[in-house]
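Chains A and B are the protein sequences, given in the same order. Just so we're on the same page, the numbering used here is the position in the first sequence counted from 1, plus 71. Just so we're on the same page, the numbering used here is the position in the second sequence counted from 1, plus 71. Built from N, CA and C at the ideal position, the CB exists for glycine as well. Keep in mind the model is a prediction, meaning the values are calculated, not measured.
Protein chains: 2
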Amino acid sequence: MTRTPIDEPAERQLLRDAGLRVTGVRLAVLRALGEHQHSTADTVVRAVRDELGTVSVQAVYDSLHALTDADLLRRMEPAGHPARYERRVGDNHHHIVCRACGAVADVDCTVGHAPCLLPSDDHGFTVDLAEVTFWGLCPRCRG
Amino acid sequence: MTRTPIDEPAERQLLRDAGLRVTGVRLAVLRALGEHQHSTADTVVRAVRDELGTVSVQAVYDSLHALTDADLLRRMEPAGHPARYERRVGDNHHHIVCRACGAVADVDCTVGHAPCLLPSDDHGFTVDLAEVTFWGLCPRCRG
DNA sequence: CGTCAAGACTGGAATGATTCCAGAGAACGA
DNA sequence: TCGTTCTCTGGAATCATTCCAGTCTTGACG
């Protein structure tokens with residue numbers, strides 16, 4: 072069930088523009104997350120191996136970090152769950168997490184732009200981001 | 072530097088009212104978190120041992136879970152950091168986390184009551200809580 | 001005030017996600 | 001094409017947390 076690696080000019084360009092080297096693992100990671108938003112590192116590893124064959128876990132973690140640092144990916148980490156990655160970046164949208172199955176869905180920013188909220192008392196902190204996580208049950212688990 | 076265990080009628084009552092047995096570890100955990108809000112399990116273990124002598128890590132985790140389940144404690148877990156516990160419960164306040172040192176401070180609910188925000192599109196989820204985490208730099212680390 | 005069953009605690013091993021490390025391999029500017 | 005720099009490999013290590021089986025406590029009841 073190995074897919075043929077497809078040349079993705081758009082994604083190659085994305086990497087180059089970010090000043091990153093173009094490698095098979097990075098392209099495969101981008102593609103995997105394009106197909107399944109909010110995947111865990113583990114899921115990405117499986118998808119990348121499905122496409123490229125043998126790839127070390129570390130290579131995938133390295134790519135996830137490089138891409139996240141370059142703002143090509145966003146990392147989110149719901150309490151009690153492994154980190155998840157997504158390609159929707161630059162808009163500080165938020166997330167709903169299912170308490171039962173851990174499913175994650177996107178939610179547009181509730182109020183204005185990022186940081187879309189300001190703390191009532193910032194205790195002297197310099198705030199640069201407001202992260203909102205909604206918790207509940209997804210349609211499936213509610214049944 | 073072992074402190075003498077002090078009888079804390081208020082905290083004994085708290086446990087009893089919650090239907091929990093009163094044990095030394097639980098009282099010590101409550102006291103530790105009364106003195107240092109937003110402590111990690113590890114910090115609580117040290118504080119409890121400082122008060123009671125030998126106590127297993129597991130006993131502290133068990134207590135933290137029991138107290139959290141009974142709503143005597145609240146657990147929060149900033150991405151990339153171990154979980155932290157606090158005694159301020161029942162008001163769904165929020166938190167500011169320092170990106171540099173991990174320090175946490177409380178922030179009152181920005182808008183109305185808990186859940187203080189409603190998602191613009193809930194994707195069919197039943198939302199029961201909105202958790203807001205502000206990220207930035209604390210006064211100390213900004214310097 | 002003693003009994004005893006449910007619940008809590010001990011200590012050691014296991015788990016899961018992630019990171020560290022040293023060496024081999026690949027990307028790309030010159 | 002070459003060499004430098006960055007990336008990938010594979011295996012071990014780390015950290016927070018949980019699992020497990022056996023022992024000890026708490027507190028309801030007699």
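Query raised in the report: Quick one: what's C169 (chain B) bridged to in DSSP?
Result: As a working mapping, residue 169 (chain B) is identified with position 98 in the second sequence. B:G207, per the DSSP bridge assignment.
Requested in this report: Would you give the residue range spanned by the beta strand (DSSP E) that V175 (chain A) belongs to?
Outcome: For the purposes of this step, residue 175 (chain A) is taken as the residue at position 104 of the first sequence. Run containing V175 (chain A): 175-178, per the beta strand (DSSP E) assignment.
Query - Residue environment, G151 (chain B), which counts as buried when at least 16 other CB atoms sit within 10 Å - result: The residue given as residue 151 (chain B) occupies position 80 in the second sequence. That one is exposed.
Query raised in the report: On the premise that G207 (chain A) lies in contact with R170 (chain A), defined as a C-beta separation below 8 Å, what is that separation, rounded to the nearest angstrom?
Result: Taking the first sequence and counting its residues from 1, the one referred to as residue 170 (chain A) is at position 99. Taking the first sequence and counting its residues from 1, the one referred to as residue 207 (chain A) is at position 136. That pair is a contact at about 7 Å.
Query - Sequence-distant residues of the same chain with beta carbon closer than 8 Å to P153 (chain B), five excluded per side - result: For this step, residue 153 (chain B) is matched to residue 82 along the second sequence. Excluding residues within five positions, the ones whose Cβ falls inside 8 Å are T111, A112, D113.
Query - One or two residues paired with V198 (chain A) in a DSSP bridge - result: Position 127 of the first sequence holds residue 198 (chain A). Answer is B:G207, bridged to V198 (chain A).
Query raised in the report: If you drop the 5 nearest sequence neighbours on each side, which residues of the same chain put their C-beta closer than 7 Å to that of A89 (chain B)?
Result: Translated into the one-based positions of the second sequence, residue 89 (chain B) becomes position 18. For A89 (chain B), where only same-chain residues beyond five positions count, the Cβ hits under 7 Å are A141, L143.
Report task. Give the secondary structure of T139 (chain A) by DSSP, where H, G and I count as helix, E and B as strand, and everything else as coil. Result -> Counting from one through the first sequence, the residue named residue 139 (chain A) turns up at place 68. In the structure shown, T139 (chain A) sits in a helix (DSSP, three-state: H, G or I).
Report task. Output the distance between the C-alpha atoms of H164 (chain A) and R102 (chain A), rounded to the nearest integer angstrom. Result -> Position 93 of the first sequence, counted from the first residue, corresponds to residue 164 (chain A). Position 31 of the first sequence, counted from the first residue, corresponds to residue 102 (chain A). So the two alpha carbons sit approximately 21 Å from each other.
Query raised in the report: Are any of the Cβ atoms in chain B nearer than 7 Å to that of R213 (chain A)?
Result: The residue you call residue 213 (chain A) lines up with position 142 of the first sequence. Yes, R213 (chain A) counts as interfacial toward chain B.
Requested in this report: Anything in chain B within Cβ reach of H194 (chain A), meaning under 7 Å, just list it in chain order.
Outcome: What you label residue 194 (chain A) is simply residue 123 of the first sequence in a count that begins at 1. Those are I167, A176, listed as they occur along chain B.
Query raised in the report: Can you name the residues of chain B whose CB is closer than 7 Å to the CB of A201 (chain A)?
Result: For this step, residue 201 (chain A) is matched to residue 130 along the first sequence. By Cβ distance, chain B contributes V203, F205.
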